[in-house]
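**Q** Handing you a structure now.
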Amino acid sequence: MSTINSIKAIQVLDSRGLPTVSCKVILSCGIEASAIVPSGASTGTKEALELRDGGSAFMGKGVTKAVNNINNFINPLLKNLNPQDQKLIDHKLIDLDGTDDKSNIGANAILAVSLAISHVAAKKKNIPLHKHFRDVYSDITRLSVESSLPMPMLNILNGGEHADNNIDIQEFMIIPSNASNFSEAMRWSSEIYWNLKNILKNKSLSTAVGDEGGFAPNLKSNEEALTLILDAIKQSGLVPGKDIFLALDCASSEFFDGRKYNLKGEDRSLSPSEFVSYLEELVEKYPIISIEDGMDENDFDGWKELTDKIGHKCQLVGDDLFVTNKNIFKTGIEQGLANSILIKFNQIGTITETIETIHLANSNNYKSIISHRSGETEDTTISDLAIGLGAGQIKTGAPCRSDRVAKYNRILWIEEENNNFSFPE
Ligand code: 2PG
Ligand code: MG
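Numbering (numbering that gives the first Met the number 0), first residue to last: 0 to 424.
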């Protein structure tokens, strides 16, 4: 049996030019694999802790403490273990840390190892990572569901914390629902992206992009963003509300002050009920089928009102609300908040816990959307996770910038190699 020989981590840079953790696992047979962790900007307050150095280097954002925790503590702990024992290894990492929020060793350290272990284990078995995920978690995944490719949600216009413009809503996404396969979904999305660029250019608006590759112009209102996107869809010869639907990530914790939702770009402050009506009207007026973090992460009454009012006709996704945490999610389900969950493995810290949260969603009829972070890298683990778990949806930014398209390109190859994999109807 080939066992773990050594685990080595270094500090590398992410798509924002800030440090993050990269980890390599080498087996006794010589096979090796590595992984890199992502990092968020509009983070939920209950996320697992991303350990940063503080001090002056990298504006305090260095990750050498997390890197040293891997090299000094995790490396000896996991030596000689079987990399196929992902669940056992993840639990050893959780126990080593010993805190609820992984603040001791750092969720960035723990996740880097958890991911790299899964990659090396798949490589050892000589199977693709998505197949490995399916095998390892066959007891808790929906085995009845055939492997499927995810429907992409592409963020083509950026605001909020991801851009320096005046738009309050963080993400304006397109969903190419009527595409017959993943490649067609990507072709349509690329064409819409380029038509949007031309529309902005012709109006002398900025075509500079935000953190997730979407354009970040200054606009008069959130509705203007929606109108521009509809124009881009039509110019691409596609029909909004038939071929292409829209999705929003409001990331509204970023503009809620405990009492009001402050839409600075529109110079308006709305009470929770007024903000629910605002979103309800947007859903009436535009082909919006998914809204993420419509309400603040602690505004449970607002969430309940939003869910009761539009949950029957719109996917309502909890991101900062649930932070991929099984216990927090369970409480939210009991309270009837939202109807879907965004899955980000660095919010919780291990692959095993991430997959347990997806399982909880499946068992309660909540949809799962596998997601990137705004700070990303060339790592494509989320593409395999979305496919292996049959999650059905992935959001990983614009069809532009390598940190985003790396994930889509990985799925294009998996589509090519598995013509029996289905694409959502
Ligand atoms: C989000 C994410 C990813 P961040 O809010 O959904 O789009 O952003 O990684 O900054 O939390
Ligand atoms: Mg979000």
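No residue lacks a Cβ here, since even glycine has one placed at the ideal position from N, Cα and C.
Please state the DSSP three-state secondary structure of Ala405.
**A** helix
**Q** Measure how close the beta-carbons of Ala224 and Ile166 come, nearest whole angstrom, since I'm counting them as under 8 angstroms.
**A** 6 angstroms
**Q** Beta carbon of Gly387, beta carbon of Pro423: below 8 angstroms?
**A** no
**Q** Which complete beta strand (DSSP E) runs does the region 272–329 hold, if anything under 3 residues is left out?
**A** Along the region 272–329, the beta strand (DSSP E) occurs as fully enclosed runs of 3 or more residues at 287–291 and 314–317, listed in sequence order.
**Q** Residues in its own chain within less than 6 angstroms of Gly348 by CB, not counting five upstream and five downstream?
**A** Ala47, Lys101, Ala106, Ile109 and Leu110.
**Q** For Arg51 and Phe254, I'd like the C-alpha separation in whole angstroms.
**A** 25 angstroms
**Q** In angstroms, rounded to a whole number, what distance separates the CA positions of Ser289 and Met185?
**A** Their backbone Cα atoms lie some 19 angstroms apart in a straight line.
**Q** Within this structure, are the beta carbons of Glu296 and Val275 separated by less than 8 angstroms?
**A** No, Cβ-Cβ distance for Glu296 and Val275 is not below 8 angstroms.
**Q** Per the contact definition of three or more C-beta pairs closer than 8 angstroms, is the region 363–376 in contact with the region 114–128?
**A** no
**Q** Would Asp248 pass as a contact of Asp292 if the rule is Cβ separation under 8 angstroms?
**A** yes
**Q** Does the distance between the C-beta of His371 and the nearest non-hydrogen atom of ligand 1 fall short of 7 angstroms?
**A** yes
**Q** When DSSP labels each residue in this structure, what does Asn194 get in the three-state scheme?
**A** Helix, per DSSP.
**Q** Beta-carbon separation of Ile35 and Val11 under 8 angstroms?
**A** yes
**Q** Please indicate yes or no: does the CB of Ala250 lie closer than 7 angstroms to some heavy atom of ligand 2?
**A** yes
**Q** Using only the alpha-carbon positions, how far apart do Asn70 and Met294 sit?
**A** 40 angstroms
**Q** From Phe181 to Leu411, what distance separates their C-alpha atoms?
**A** 7 angstroms
**Q** Kindly list the residues whose CB is nearer than 7 angstroms to the CB of Arg372, restricted to its own chain and excluding five residues on each side of it in sequence; keep chain order.
**A** Pro37, Ser38, Gly39, Lys343 and Asn345
**Q** Just checking, does the region 113–120 make contact with the region 17–33 on the three C-beta pairs under 8 angstroms criterion?
**A** yes
**Q** Taking DSSP as the reference, what is the three-state secondary structure of Lys394?
**A** strand
**Q** Ligand 1 and Ala40: does the residue's C-beta get closer than 7 angstroms to at least one heavy atom of that ligand?
**A** yes
**Q** Considering Cα atoms alone, identify which of Val322, Ala405 and Ser270 is closest to Thr42.
**A** For the set Val322, Ala405 and Ser270, the Cα lying nearest the Cα of Thr42 is the one of Val322.
**Q** Kindly list the residues whose CB is nearer than 7 angstroms to the CB of Leu142, restricted to its own chain and excluding five residues on each side of it in sequence; keep chain order.
**A** Confidence is the limiting factor: at Leu142 the pLDDT is only 46, short of 50, which leaves the residue's position unreliable, though a coordinate-based value still follows. So no residue of the chain qualifies.
**Q** Using only the alpha-carbon positions, how far apart do Leu87 and Asn81 sit?
**A** 9 angstroms
**Q** Could you round the C-beta distance between Pro175 and Ile243 to whole angstroms and report it? I think they count as a contact, below 8 angstroms.
**A** 6 angstroms
**Q** Measure the beta-carbon distance from Asn177 to Gly213 and round it to whole angstroms, keeping in mind my assumption that it falls under 8 angstroms.
**A** With a Cβ gap of about 21 angstroms, Asn177 and Gly213 do not count as contacting.
**Q** For Glu291, is the beta carbon positioned less than 7 angstroms from some heavy atom of ligand 2?
**A** yes
**Q** So, do the region 157–171 and the region 400–407 have three or more beta carbon pairs nearer to each other than 8 angstroms?
**A** no
**Q** Suppose the cutoff is 7 angstroms on Cβ atoms and the five residues either side in sequence are ignored; what does the same chain contact list for Val404 look like?
**A** Pro398
**Q** Just mark Gly29 as buried or exposed, buried being the case when its beta carbon has 16 or more other beta carbons within 10 Å.
**A** exposed
**Q** How far does the beta strand (DSSP E) with Leu247 in it reach, from first residue to last?
**A** Phe244 to Asp248
**Q** Kindly indicate which three-state DSSP category Phe425 falls into: helix, strand or coil?
**A** Lying outside 0 to 424, the shown extent of the chain, residue 425 is not represented and no answer is given.
**Q** For the beta strand (DSSP E) that Lys366 lies in, which residues bound it at each end?
**A** Lys366 to Ser370
**Q** Can you give the Cα-Cα distance for Gly53 and Ile232, rounded to whole angstroms?
**A** 45 angstroms
**Q** Just to confirm before moving on: does the CB-CB distance between Asn157 and Ala246 stay below 8 angstroms?
**A** Cβ atoms of Asn157 and Ala246: not closer than 8 angstroms.
**Q** Answer yes or no: do Lys312 and Leu359 have a C-beta to C-beta separation smaller than 8 angstroms?
**A** no
**Q** Is Ala34 helix, strand or coil when you go by DSSP?
**A** strand
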